[in-house]
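Respectively, the protein sequence lines represent chains A and B.
Sequential numbering from 1 applies to the first sequence in the numbering used here.
Sequential numbering from 411 applies to the second sequence in the numbering used here.
Beta carbons are placed, not taken as given, at the ideal position from N, Cα and C, and that holds for glycine.
Here is the structure we will look at.
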Amino acid sequence: MSEEPLISVERLGKKFGKSLKHNMLYGVADLTRDFLGQSRRGATLREGEFWSLEDINFQVGRGECLGIIGPNGAGKSTLLKLLNGIIAPDQGRVEIAHRVGALIEVGAGFHPMLTGRENIFVNGAILGMSKEEIGKKFDAIVDFADIGAFIDSPVKHYSSGMYVRLGFAIAAQVEPDVLLIDEVLAVGDAGFRSKCYNCIGHLASRCAIVFVSHAMAAISRLSTRVLVLDHGRAVFHGQPPEAISCYHRLFDARVQPSRQGLGTARIHSVEFIDASGRKVRSIRQGQPLGVRLAVYSQVAITNVCLDLVFVSLADEVVAECNSQLSGMSIDLMANREIQVLALIDSFSLNAGDYRLSALVLSADMVTHYDWQKDVASLEVCADRVGVAGQQYRAQWTIEERASMDSKEAR
Amino acid sequence: MTLRKVIYTPDGALVTGEGGRLDRLRSVSERFARTSELVWCLFIRDFSGRYRQSILGIAWALILPLATVGVFLLMNRSGLVTLGEVGVPYPVYAMTGLTYWTLFATGVSACASCLINASSMLAKINFTRSALVFSAAAQGGVEFLIRGLLTGAVFVSFGSTPHSLALALLCTLPLFLFTLAVGFILAIVGSLLRDIINALGTLLAGLLILTPILYPVAAGSPLATLNTYNPINYLIGFPRELILYGTASMLAAFLASATFSVLLLLVGWRLFCVAQTRVVERI
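Below is the structure:
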């Protein structure tokens, strides 16, 4: 890259106080020190303080997009605020191009009583645009926001979607060198989201983007590199697929298995195996997956139902594998253990981390003998993360390549 | 063209990549123009937003001061307020003082809570935050003008004529600078220690009583001694005497207070610049 980076962050650190009272007292103390021109004693923690971010280093050049992912409280939003100059670092430095645009909870600064038209001018001024500049871009803003006649209604009558659309439309007109994005794509309907993607894609070539999201599909689509944060530290910095798996592994330690049910029949062990029969904890998307169970019963139960339920990180039930629905009849004998293997031809869940719940049910699926939540976890790997929960690897063939003329003739 | 960059460190922000002195001057003047535009926008936003969805709308800005005048006239007619000899009809004296007081009191209260009111915006957008304080102080200026019109009406109804009006208006400037200075300090301190905002109404009411605004203070009284050190006494008293009598007795003290206001503004401004990011992260 011939040009110098638009963002460079070195040994960046930020600390916060845990209680309001400490916050207030330290605030006054820091203020006095700043006012008297003494340097900050930033490097040490005082009682009740913790590092919200520590020792962060990265650079982003023009045309690059750095994705930032991490569990809640990892310091993602703090990092964006430091880049945006809203809060000052306690350690290290941030060097960033002057014209920064931020799509962070857009619509901040709207006055509910003023009309959309008036708010465009006020918000534009807050974002650093001059009156002529806003005047020139006014039509583009209204067009992008797509709020029609509501432009002359007070924004408090807007739906939340309209509110965000208008906010985004204004912020997108700033023409920044650096664009900071925080979860804005999570709101709005499909049409608006596609507009946002196009707008970001348009900006991506000529600015440096820093993008925070919990949506791995968006991260995998937009980012050229990804930084994974956990408890304020960078735990990974590199290519999106590896970063996303690193992010998923962060959750493994947090899984707490739990057990319910009568207990007369119990699942003793659960393991995932691949096509060659090896025990695994991650597989490639589309590969066969086996789940091997050992079930022990104190009493004889005829026609028992084994149920495997896959739950995503977002706690959504995404897939199920049920012995009864597969037409399989399993009988348990008293004081005996049986080994069962459930083989799935092509495991096509979207790339991500999943937890497995395993159940032993009566034939009518009413009585729960054993119900183990989060008994195992599985990672599905792929180069890109899709949007939908199921990813079918269809056979794609081009059947006809019609020429322009024949198409028009039709 | 070199790319303009900002460097944030624990010791503050620094802008680089501005070529020569001329370039820097241009960027400063550009920033000044941008900021004044923003101040105006914020001011209009708050002013026009305040009176929407009320039946009387902008008339509210006149009704409250009118009510004050009414109360004073009533009290005067009933002989309730017979305070000292002021040389002009009492309502004229009181309303002139109150008009000046409004500039200070309204401005200062608006400044004290301006950062807290804009907290969601401050936490998300990086903009020139001092614009919030300027536009809050300007609210005091508007109240001053509206009350000034009413005071004019009171002058007419009592058959009094104001002296040296232009000079008196010019001499209002130090009071505005003083308001801005206190506003900058309170905006910062008030958002860290919210107690101040809760207490501000009472403090201002107390100050109004202690400062000779509604009545003249007898020379030599303890209150008069106390007011020797009260800059508001001179910042309001001097222009008021110019209006009411055409001459003023306290020129030296007024000039000293004006100088003090300018110095205080510099201190308040520096406090604000140094402290703003500290405050934003704690708001």
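Residues of the stretch 108-127 of chain A that bring their beta carbon within less than 7 Å of a beta carbon in chain B comprise ALA108, GLY109, HIS111, MET113, LEU114, PHE121, VAL122, ALA125, ILE126 and LEU127, in sequence order.
In the pairwise beta carbon analysis, the stretch 98-105 of chain A is classified as touching the stretch 175-183 of chain A: at least three pairs are separated by under 8 Å.
Residues of chain A with a Cβ closer than 9 Å to the Cβ of B/PHE682 do not exist, since the nearest Cβ in that chain sits about 10 Å away. Each of B/TYR625, B/THR635 and B/SER631 was checked against the Cα of B/ARG650, and the nearest Cα belongs to B/TYR625. Not one beta carbon of chain A lies nearer than 8 Å to the beta carbon of B/TYR510.
The shortest CA-to-CA distance from A/CYS196 to any of A/GLN256, A/CYS207, A/ALA171 and A/SER39 is the one to A/ALA171. Straight across, the Cα-Cα distance linking A/ALA74 with A/ASP230 is about 5 Å. Under the three-state reduction of DSSP output, B/ASP433 falls in the helix class.
Separation of the CB atoms of B/GLY517 and B/THR589 is rounded to 4 Å, and the pair is thereby assigned contact status at 8 Å. For the pair B/ILE556 and B/PRO501, the CB atoms are not nearer than the 8 Å cut-off.
Sixteen is the threshold: when 16 or more other Cβ atoms of the shown chains lie within 10 Å of the Cβ of B/TYR510, as they do, the residue is buried.
Looking at the DSSP output, A/GLU320 bridges to A/VAL309. Rounded to the nearest angstrom, the gap between the Cα atoms of B/HIS573 and B/GLY656 is 5 Å.
In this structure, the straight-line span from the alpha carbon of A/SER245 to that of A/GLY352 is close to 7 Å. According to DSSP, residue pairing for B/TRP470 in a beta bridge does not occur.
If you check the CB distance, A/ILE68 and A/PHE211 come in under 8 Å. The continuous beta strand (DSSP E) containing A/HIS368 extends over residues 368-381.
Separation of A/LEU12 and A/ILE56 (C-alpha to C-alpha, rounded to the nearest whole angstrom) is 5 Å.
The C-alpha of A/ILE338 lies about 10 Å from the C-alpha of A/ILE267. Nearest CB-CB separation between A/LEU31 and chain B: below the 8 Å threshold.
Ranked by how close their Cα comes to the Cα of B/ALA563, the residues B/VAL677, B/LEU472 and B/LEU448 have B/LEU472 in first place.
Per the coordinates, the alpha-carbon of A/LEU79 lies some 7 Å from the alpha-carbon of A/LEU53. Pairing A/VAL255 with A/ALA243 gives a Cβ-Cβ distance that is not under 8 Å.
In terms of Cβ geometry, A/ILE126 and B/PHE537 form a close pair [threshold 8 Å].
With respect to A/LEU308, A/LEU356 sits close: the two C-beta atoms are nearer than 8 Å. The three-state secondary structure of A/LYS18, taken from DSSP, is coil.
Relative to the Cα of A/PHE310, the nearest Cα in the group A/ILE147, A/ASP374, A/SER130 and A/GLY261 belongs to A/ASP374. Measuring C-alpha to C-alpha distances from B/SER540 to each of B/ILE598, B/ARG487 and B/PRO584 identifies B/ILE598 as the nearest.
The residues ILE623, LEU624, ILE646 and ARG650, in chain order, have a CB closer than 7 Å to that of B/GLY507 in the same chain once the five nearest residues on each side in sequence are set aside.
A/PRO154 carries a strand assignment under DSSP once its states are collapsed to helix, strand and coil.
In this structure, the beta-carbon distance from A/ARG93 to A/GLU3 does not fall below 8 Å. Your pair A/SER297 and A/ALA342 does not check out as a contact, with CB atoms roughly 18 Å apart and the cut at 8 Å.
In this structure the stretch 431-441 of chain B does not touch the stretch 109-121 of chain A; the number of beta carbon pairs closer than 8 Å is below three. Identification of residues in the stretch 527-538 of chain B having a C-beta nearer than 8 Å to some C-beta of chain A yields ALA528, SER530, MET531, LEU532, ALA533, LYS534, ILE535, ASN536 and PHE537, given in sequence order. By the 16-neighbour rule on beta-carbons within 10 angstroms, A/SER276 is exposed. Annotation: the continuous beta strand (DSSP E) that includes A/ASP331 extends over 330-332.
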